[in-house]
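To convert a position in the first sequence, counted from 1, into this note's numbering, add 42. Note that the Cβ used here is the ideal one computed from N, Cα and C, for glycine as well. Computed from a predicted structure; not experimentally measured. In what follows, a single structure is set out as structure tokens and then discussed.
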Amino acid sequence: MEETALGTAPFFCPDETDMARYNPKEIEPKWRQRWENQNAFATSADRSRPKYYVLEMFPYPSGRIHLGHVRNYAMGDVIARFKRARGFNVLHPMGWDAFGLPAENAAMQTGAHPRDWTYANIAAMRRELKQIGLAIDWSKEFATCDVGYYRWQQKLFLDFWKNGLVERRESYVNWDPVDMTVLANEQVIEGKGWRSGATVERKKLSQWFLKITDKAEDLLAALDDGRLAGWPENVRLMQRNWIGKSKGLSMKFRFVSGTTAPGGAGEVEIYTTRPDTLYGASFIAVAPDHPLAQACAAGEESAAVFIAECQKTGTSQEAIDKAEKKGFRLPLDVEHPFVEGRRLPVFIANFILMGYGTGAIFGCPGHDERDHAFATKYGLDILPVVLPPGENAADFSVASAPYLGPGTIYNSGFLNGLSDSEAIDAAIAKIEKMARGKATTQYRLRDWGVSRQRYWGCPIPAVHCARCGVVPVPERDLPVELPEVDADAFKTPGNPLDRLPEWRDVPCPECSGAARRETDTFDTFIDSSWYFARFAAARDDRPVDKADADYWLPVDQYIGGIEHAILHLLYARYFTRAMKEAGYLSVEEPFANLFTQGMVTHATYKDAQGKWLLPEEVVIDSGGARRVATGEAVIVGAIEKMSKSKKNVVSPQEIVEKYGADAIRWFILSDSPPERDVEWTDAGAAGAWKLVARIWDLIEPAKDALAMHDLSAPPPDAGAGLRRATHAMIDAVTGDIEGFRFNKAIARIYEFLNTLKKAETADQWSRAEALSALVRVIAPFTPHLAEESWAHIGGAGLVCNAVWPDADAALLVKETVTLPVQVNGKRRAEITVSAAAETRAVEEAALTDPEVIRHTGGLTIRKIVVVPGRIVNIVAN
RNA sequence: GCGGGCGUGGCGGAAUUGGCAGACGCGCCAGACUCAAAAUCUGGUUCCGCAAGGAGUGUCGGUUCGACCCCGACCGCCCGCACCA
43 MEETALGTAP
53 FFCPDETDMA
63 RYNPKEIEPK
73 WRQRWENQNA
83 FATSADRSRP
93 KYYVLEMFPY
103 PSGRIHLGHV
113 RNYAMGDVIA
123 RFKRARGFNV
133 LHPMGWDAFG
143 LPAENAAMQT
153 GAHPRDWTYA
163 NIAAMRRELK
173 QIGLAIDWSK
183 EFATCDVGYY
193 RWQQKLFLDF
203 WKNGLVERRE
213 SYVNWDPVDM
223 TVLANEQVIE
233 GKGWRSGATV
243 ERKKLSQWFL
253 KITDKAEDLL
263 AALDDGRLAG
273 WPENVRLMQR
283 NWIGKSKGLS
293 MKFRFVSGTT
303 APGGAGEVEI
313 YTTRPDTLYG
323 ASFIAVAPDH
333 PLAQACAAGE
343 ESAAVFIAEC
353 QKTGTSQEAI
363 DKAEKKGFRL
373 PLDVEHPFVE
383 GRRLPVFIAN
393 FILMGYGTGA
403 IFGCPGHDER
413 DHAFATKYGL
423 DILPVVLPPG
433 ENAADFSVAS
443 APYLGPGTIY
453 NSGFLNGLSD
463 SEAIDAAIAK
473 IEKMARGKAT
483 TQYRLRDWGV
493 SRQRYWGCPI
503 PAVHCARCGV
513 VPVPERDLPV
523 ELPEVDADAF
533 KTPGNPLDRL
543 PEWRDVPCPE
553 CSGAARRETD
563 TFDTFIDSSW
573 YFARFAAARD
583 DRPVDKADAD
593 YWLPVDQYIG
603 GIEHAILHLL
613 YARYFTRAMK
623 EAGYLSVEEP
633 FANLFTQGMV
643 THATYKDAQG
653 KWLLPEEVVI
663 DSGGARRVAT
673 GEAVIVGAIE
683 KMSKSKKNVV
693 SPQEIVEKYG
703 ADAIRWFILS
713 DSPPERDVEW
723 TDAGAAGAWK
733 LVARIWDLIE
743 PAKDALAMHD
753 LSAPPPDAGA
763 GLRRATHAMI
773 DAVTGDIEGF
783 RFNKAIARIY
793 EFLNTLKKAE
803 TADQWSRAEA
813 LSALVRVIAP
823 FTPHLAEESW
833 AHIGGAGLVC
843 NAVWPDADAA
853 LLVKETVTLP
863 VQVNGKRRAE
873 ITVSAAAETR
883 AVEEAALTDP
893 EVIRHTGGLT
903 IRKIVVVPGR
913 IVNIVAN
């Protein structure tokens, strides 16, 4: 791991003298109290103004606010405050994604009940969030574990069920054979159960599914038809790949006469996206779950053993992909459809997935990575059938590696000479003509399994009756509340709900016979798939109020981590469509604009024994990194995402305590582009504190400046340099906030501070205008400082209610421009010309410049490139 | 394994999207203030070179009057992968 170079200066910490300049500890709580007293951020019922719904992904109540949260909510807060200042009716709510596994883990470890643990965390985190000074309408707050929320989720599920969006079927879970419990992927560490250490197996359970694949086509179409124009291209691309639409061929291979498939099947159906490589086929492989494999296993012990072996891989895609490619030769061969007499062996293979296509493939080792590895291992033929452009058929080989690119088909009978894409069409046409298969469309997307065998989630409102089957809980019986359990119940593996007969055993809603409740709870992704609608349109008697939802949705700006690019965002898009179908919403896309922010990182520290150390245990001075307590040397490791396991976490509370909320907000937005990772450094936070104090130093002598100068009256000196700088700053900052370039907005503010400081000779009117603009543009970033400053210079009301300053276009126009002049691409001189100068005049000015003459002496001028307003390049030799 | 992203001074980053590479901040250096230090203020700060000048945006190659930006190959790091949220 690379050692990290860090500044060696001792950390600055403001002392009493500094606090006498500007004391956030007194000033910040004061303004937060005023905002609360005046209900400043309450969402207005006034529908005449244009609305703006800004939402950050709501937090999981893990216990403490971390800097990632601060970054996320600070960004949303800048947008919310900015849009308020621009006259929008802003909705900016906050809530808690409160169900989930960590609460049960905590129960196991500490004996605290998940409910108590969760609500205590919410209370602590709410307190911490409020200290950041967010412009949030707290009256909208809810947690997904509130019965008042999840009862409406149950209602939505029943509606979806009625509408045919819900299905029950079998699927695999990770099973810990020692603890006898279902494991989350997260609880599987290198193939072993996290508590028992036992090798995890796959086990089939009957589970609930939402049929997201039915909407795959529209979920895909919306990515490209402009409905998601406000989303980053990379997220749309990831979703497109995740949905994974492919056009291919489903076709049947006949078993060679003489070999009989168990169960009597005469053929096996495969799916392929590369029918152009059919002549390169050298084997057939089926998934371990394929009926053919299962049938063979029934009569053949060794096949059953192999299949059982395959089941010992976890359920995650990564685990399946990375497992060594293994196969089991079945006593079956198929006929090649085009080549008389060619026989292909049939295998069961661990890398074939039953859930995709038909669960069977033909292997073409010459042109597929996995098939190549498989064929090499089992000594199968590797035939090249696609010739790359520019290659010679005699020399080209795929013996050592497959060729995956485009090319011309050869060694392939009637397909010879066609391009790969022409050959796909030709092969499909031929197979269709032979009545052996047909062109089909496949999606990689699988249906959404929503059952979880856990306590701390929303109960699924269903009852299992031996006579009536699976029966929905009647709406009058909603909510199905989570029953009370002892905290001790979590120490026993498995789902406590299974062990509560008094809750579990109920009469069937239809026949009143003995029946059992569904004891699975919902995937917490469901909770987060409609919370935005509930924020906008909560009512006590239904999931959402249609009129409110119609006014507020879609969310105008959604902000959250890139780690949610696929699952959460795709599920929310699906759920919105399902809610529209059930008559609750009018939109199908929940988030008009999406911004994905980067992570907060920090250097990692270890002691000589390799134990992780907290940043607060480490001091960095001229002697390098040392332990505060003992003085021993500390190893400085890589800069990584803040995580508890590596202890590279900094508590926002400490920073707020030390420097104030404005400083933490300013720094977290200033250092990196919002979409990129930001490294937290104490020095950076200290720098932000200095900035806060510096702005106050500038404001302090200007008491009542706004009262003394009537800014609505004409300025005394329209062309003054300071006025130009002020309006250029307003223009730049406004554009940067709208474009989510907060770091650049902040750089512009710094630049303006430097200008303002130097403009000591400017008239008082222009200075008042500059300060008035400055205070209003810093308000979204450092709201407490802005309020204090606004009051000090005599601004009317609260600055959070003040209108955003307008840039005067007349002051943005430049009269002259300074152009660099290059000679043969190297910058040699600079000329200043009128902004309206003609190309001829610019050329003239460039050629007569003494530096240009010096560098072109003795050369012939071949060409002059003039890019108006940008650059001049003289080509000479 | 598959999918997505990133790579620019000592550090975070900027570059109007093909037009002055290094805005702004941190750090560092020098000066002012101070008995002194911190804080504050002023100036400097990509590298090599006294200078003229030269080199330079992960590496190699290409397109162009002109490339951090576009194209090709490679190297390194990070994120996601369906039961973590």
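Go through its chain and collect everything with a Cβ distance to residue i's Cβ below 6 angstroms, but skip five positions before and after it.
| i | result |
| --- | --- |
| Phe184 | Gly137 and Tyr191 |
| Arg63 | Ala735 |
| Ala140 | Pro103, Thr160, Ala185, Thr186 and Cys187 |
Below 8 angstroms on the Cβ atoms is my contact criterion, and I expect residue i with residue j to pass it. Report the Cβ-Cβ distance as a whole number of Å.
| i | j | result |
| --- | --- | --- |
| Asp773 | Ala849 | 4 angstroms |
| Arg296 | Glu309 | 5 angstroms |
Quick one, are the C-beta atoms of residue i and residue j less than 7 angstroms apart?
| i | j | result |
| --- | --- | --- |
| Trp572 | Leu252 | no |
| Ala871 | Glu886 | no |
| Pro304 | Cys338 | yes |
| Arg559 | Val505 | yes |
| Pro862 | Ile906 | no |
| Ala127 | Val817 | no |
| Pro3 | Phe577 | This structure cannot settle anything about residue 3, because the visible part of the chain is limited to 43 through 919. |
| Tyr485 | Thr357 | no |
| Ile608 | Met280 | yes |
| Pro379 | Glu411 | no |
| Ser712 | Asn785 | yes |
Considering only C-alpha positions, which residue in the set the options is nearest to residue i?
| i | options | result |
| --- | --- | --- |
| Leu372 | Asp437, Ile390 and Arg385 | Ile390 |
| Asp891 | Lys745, Thr223, Gly306 and Ile873 | Ile873 |
| Gln195 | Lys648, Thr566 and Thr357 | Thr566 |
| Arg783 | Phe295, Met117, Ala226 and His769 | Met117 |
| Glu717 | Pro66, Val189 and Arg113 | Arg113 |
| Gln359 | Phe393, Asp331, Val328 and Ser344 | Phe393 |
| Ala556 | Val512, Asp569, Pro585 and Asp746 | Val512 |
| Glu924 | Ile913, Ala762, Asp704 and Gly836 | Lying outside 43 to 919, the shown extent of the chain, residue 924 is not represented and no answer is given. |
| Asp598 | Leu270, His332, Val845 and Trp832 | Leu270 |
| Leu133 | Phe709, Asp590 and Ala226 | Asp590 |
| Ala477 | Lys246, Arg63, Lys294 and Glu605 | Lys294 |
| Tyr321 | Ile473, Arg412 and Glu366 | Ile473 |
| Gly129 | Thr186, Gly175 and Lys93 | Lys93 |
| Lys246 | Trp545, Arg211 and Phe633 | Arg211 |
| Ala307 | Asp752, Gly286, Ser324 and Pro333 | Pro333 |
| Leu291 | Ala471, Gly702, Val220 and Ile164 | Ala471 |
| Arg707 | Gly110, Gln75, Thr85 and Trp73 | Gly110 |
| Ala744 | Ala812, Asn163, Asn216 and Tyr701 | Ala812 |
| Glu631 | Asp266, Arg584, Ser693 and Ala877 | Asp266 |
Excluding five sequence neighbours on each side, which residues of the same chain lie with their C-beta closer than 8 angstroms to the C-beta of residue i?
| i | result |
| --- | --- |
| Tyr497 | Glu146, Pro156, Leu524, Val527, Ala531, Phe532, Asn537, Pro538, Leu539 and Thr563 |
| Leu429 | Ala435, Phe438, Gly449, Thr450, Ile451 and Tyr452 |
To the nearest angstrom, how far is the alpha carbon of residue i from that of residue j?
| i | j | result |
| --- | --- | --- |
| Gln229 | Arg244 | 14 angstroms |
| Pro448 | Lys125 | 50 angstroms |
| Met641 | Lys732 | 25 angstroms |
| Ile820 | Val676 | 39 angstroms |
| Ala810 | Glu793 | 18 angstroms |
| Ala801 | Trp807 | 13 angstroms |
| Asp363 | Thr418 | 17 angstroms |
| Tyr161 | Asp519 | 26 angstroms |
| Asp704 | Lys172 | 13 angstroms |
| Val875 | Gln864 | 16 angstroms |
| Ala918 | Ala888 | 13 angstroms |
| Ala770 | Arg790 | 9 angstroms |
| Trp77 | Ser754 | 28 angstroms |
| Pro66 | Ala838 | 22 angstroms |
| Pro330 | Thr355 | 12 angstroms |
| Leu595 | Leu627 | 9 angstroms |
| Phe600 | Tyr115 | It is Tyr, not Phe, that sits at residue 600 in the sequence shown. Cα to Cα, the separation comes out at about 11 angstroms. |
| Phe325 | Ala402 | 11 angstroms |
| Met43 | His606 | At Met43, the pLDDT of 18 sits below 50, so the modelled position is not reliable and the matter cannot be decided from this model. |
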